[in-house]
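Reading through the structure tokens given below for one structure.
There are 2 protein chains.
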Amino acid sequence: MTEDDRGAHGASSAVQTAPPAVSALIEPRPMRADAARNHEKILQAAEEIFALDGVMVPIDIVAERAGVGIGTLYRHFPTKEALYEAIVMTRLTSLLATADECVKNPNAQEGLCSFLREFAHQSSEKKDLFDALGQAGIDIKARFSDTFEVLMARVDSLRQRAVDEGAVRADVGTKDILNLVMGSCHAAGPSGIDDTSLQRLVDIILAGIETRS
Amino acid sequence: MTEDDRGAHGASSAVQTAPPAVSALIEPRPMRADAARNHEKILQAAEEIFALDGVMVPIDIVAERAGVGIGTLYRHFPTKEALYEAIVMTRLTSLLATADECVKNPNAQEGLCSFLREFAHQSSEKKDLFDALGQAGIDIKARFSDTFEVLMARVDSLRQRAVDEGAVRADVGTKDILNLVMGSCHAAGPSGIDDTSLQRLVDIILAGIETRS
DNA sequence: ATTTATCCGGAACCGTAGTTCCGATTCAAT
DNA sequence: ATTGAATCGGAACTACGGTTCCGGATAAAT
Chain B
37 MTEDDRGAHG
47 ASSAVQTAPP
57 AVSALIEPRP
67 MRADAARNHE
77 KILQAAEEIF
87 ALDGVMVPID
97 IVAERAGVGI
107 GTLYRHFPTK
117 EALYEAIVMT
127 RLTSLLATAD
137 ECVKNPNAQE
147 GLCSFLREFA
157 HQSSEKKDLF
167 DALGQAGIDI
177 KARFSDTFEV
187 LMARVDSLRQ
197 RAVDEGAVRA
207 DVGTKDILNL
217 VMGSCHAAGP
227 SGIDDTSLQR
237 LVDIILAGIE
247 TRS
Chain X
37 MTEDDRGAHG
47 ASSAVQTAPP
57 AVSALIEPRP
67 MRADAARNHE
77 KILQAAEEIF
87 ALDGVMVPID
97 IVAERAGVGI
107 GTLYRHFPTK
117 EALYEAIVMT
127 RLTSLLATAD
137 ECVKNPNAQE
147 GLCSFLREFA
157 HQSSEKKDLF
167 DALGQAGIDI
177 KARFSDTFEV
187 LMARVDSLRQ
197 RAVDEGAVRA
207 DVGTKDILNL
217 VMGSCHAAGP
227 SGIDDTSLQR
237 LVDIILAGIE
247 TRS
């Protein structure tokens, strides 16, 4: 039961012209047009709502906002956790892209700096998504260990470059930095924190990890 | 209904010898011995459990740990929120005491420093109590505004002294500092963070708010 | 146009956690 | 020892949110 759309995420918009009999064994079916549309609508609605009201919102609300029934939502994401996973994945990927961008910056310090700013900015926009999930008993680091590792490595290279350049103290770990920045994002209570204040906090952190003269 | 033990918290252990008829209008009744005992047991159990498993634990568990029935618990704290309030109050008071202690330190920088360390230490011990409450939709700053203000003022005097002494930058606010330190405490995920790492984070923050040479 | 596999919608179900209620129990005053 | 009010205990009630189920609608293949 309910095994029909398992693993259909990567379908994209590739046209299927191969003989059905054989390819059916590999790729079950291309997913109906409306289904694909709904899948996207749900994902988007969830992202918006979670960012706005936190992950505690009842799932009905997400369905309502997406303009679909609850049943439909469950057809696409058999569990609320599955929804979380999809969104966190999006988020991690996006961060990874940001990190990649920042690595290109020839100035190591600037690179690290702008990554952290962007990281903080995203985190505060998406109302403490990561943290709220932790609260709800989902261990992100465990569930997405591979993607997480990659991101971590990327950030670490940002940090290492800055250290090599002599701009950042060698005795602060990547985790320390990320913990500090993440922490800043939700410390200001449920009301969130305005971007200006947040950037001020990031500045302090940056000052804190700089090499002293 | 259920108005019999309203406001009986401050009863303490003062002996009542005044004529009952008159004092009854002022102080309803001294609270039965076992009741007082239970009140204390519940408070203590709640503090322990909340610190250990977070505020999401069902209230039955608290009652069980305190060795009383659910009904009893509700007799003393008519709502789960009421329990929260009692505990947060304890916590705030304790922090206030710490702050008072630190103000006595003749060295302003050391004073601020040791307060922040202690603050961080307590926060990590008591498993993100404040934050978890925020998550649960309780706005601490609003509900305890008066006590909170006092604490805030105290910390601000710690900061101001350090600024006057030329040890801390003048452009960082008290809120910034507290946000950073609070943030550090729970950023490390549900598993918490060991005290050594936490102190390292506090060190970075302290470095970040120092005046540059 | 017909047919059928897929998908949609939302009523109903179930488990969980907060809260209420009231008979049984216990304190403490006489 | 007796008595009555205060307190206790926990079964039962309620609200809420996640999940299941299935009759009806729809895309797309013939």
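Sequence order for the protein chains is B and X. In terms of this note's numbering, the first sequence opens at residue 37 and continues consecutively. In terms of this note's numbering, the second sequence opens at residue 37 and continues consecutively. We treat Cβ as the ideally placed atom computed from N, Cα and C, and that holds for glycine.
Tell me, please, whether the stretch 104–120 of chain B touches the stretch 132–145 of chain B by the rule of three or more beta-carbon pairs shorter than 8 Å. Flag = no, the stretch 104–120 of chain B and the stretch 132–145 of chain B do not touch.
If I'm right that Gly219/X touches Ala223/B with Cβ under 8 Å, what's the distance once you round it to whole angstroms? Taking 8 Å as the upper bound for CB-CB distance, Gly219/X and Ala223/B are in contact here, some 4 Å apart.
Tell me the start and end of each unbroken alpha helix (DSSP H) in the stretch 172–207 of chain X that is at least 4 residues and wholly inside, in chain order. Runs of the alpha helix (DSSP H) inside the stretch 172–207 of chain X: 176–179, 181–200.
Could you check if Ser160/B is buried or exposed, using at least 16 other CB atoms within 10 Å of its CB as the buried criterion? By the C-beta density criterion, Ser160/B is buried, having at least 16 other C-beta atoms within 10 angstroms.
How long is the line joining the alpha carbons of Leu234/B and Ile245/X, rounded to whole angstroms? Taking the straight line joining both Cα atoms gives about 15 Å.
Using C-beta distances below 8 Å, list every residue in its chain close to Ile21/X, excluding the 5 sequence neighbours before and after it, in chain order. Outside the shown range of chain X, which is 37 to 249, sits residue 21/X, and nothing can be said about it.
Between which two residues does the alpha helix (DSSP H) containing Asp89/X stretch? Element bounds for Asp89/X: 69–89.
Asp303/B: buried (16+ other C-beta within 10 angstroms of its C-beta) or exposed? Given that chain B is displayed from residue 37 to residue 249, the structure contains no residue 303/B and the question cannot be resolved.
Per DSSP, Glu246/B forms a beta bridge with which residues? In the DSSP assignment, Glu246/B is bridged to Val204/B.
Does chain B have any CB closer than 9 Å to the CB of His157/X? Chain B, which has no Cβ nearer than 9 Å to the Cβ of His157/X, makes this no.
How about the stretch 191–206 of chain B and the stretch 196–213 of chain X: do they share at least three Cβ pairs that are nearer than 8 Å? No: the two stretches stay apart, fewer than three of their Cβ pairs being nearer than 8 Å.
Cβ-based neighbour list, Ile97/B, same chain, cut-off 7 Å, excluding 5 preceding and 5 following: Counting only Cβ-Cβ distances below 7 Å, and skipping sequence neighbours, we find Ile85.
At which residues does the alpha helix (DSSP H) containing Val104/B begin and terminate? Following the DSSP letters along the chain, one finds Val104/B in no alpha helix (DSSP H), marked with neither H nor E.
Our contact map puts Asp212/X next to Leu237/B with C-beta atoms below 8 Å; I'd like the distance itself, whole angstroms only. Confirmed, Cβ separation roughly 6 Å.
What is the DSSP secondary structure of Gln52/B, reduced to helix, strand or coil? Low confidence applies to Gln52/B: its pLDDT is 39, below 50, so where it sits in the model is not reliable, and the reading given next is rough at best. For Gln52/B, the secondary structure class from DSSP, reduced to helix, strand or coil, is coil.
What are the residues of the stretch 85–97 of chain X that lie near chain B, defined by any Cβ-Cβ distance shorter than 9 Å? Cβ contacts with chain B: Gly90, Met92.
Residue-chain proximity (Met218/X, chain B), Cβ-Cβ < 9 Å: When Cβ-Cβ separations below 9 Å define contact, Met218/X makes contact with chain B.
How about Met125/B and Thr183/B: are their beta carbons less than 9 Å apart? Yes; because the gap between Cβ atoms is below 9 Å, this pair is in contact.
Out of Ile95/B, Leu88/B, Asp89/B, Leu109/B, point me to the one whose CA is closest to Ala72/B's CA. That would be Leu109/B, whose Cα lies nearest to the Cα of Ala72/B.
Distance between Lys140/B and Ile174/X (C-alpha atoms, nearest Å): The straight-line gap from Cα to Cα measures roughly 43 Å.
Residue-chain proximity (Arg258/B, chain X), Cβ-Cβ < 9 Å: Absent from the model: residue 258/B. The displayed extent of chain B is 37 to 249, so no value can be given.
Would you mind working out which of Leu148/B, Ala168/B, Asp239/B, Ala172/B sits nearest Thr210/B, comparing C-alpha positions? Ranking Leu148/B, Ala168/B, Asp239/B, Ala172/B by Cα distance to Thr210/B puts Leu148/B first.
Once the 5 residues before and after Asn74/X are set aside, which same chain residues still bring their CB inside 8 Å of it? Only Ala102, Val104, Thr108, His112 meet the Cβ criterion.
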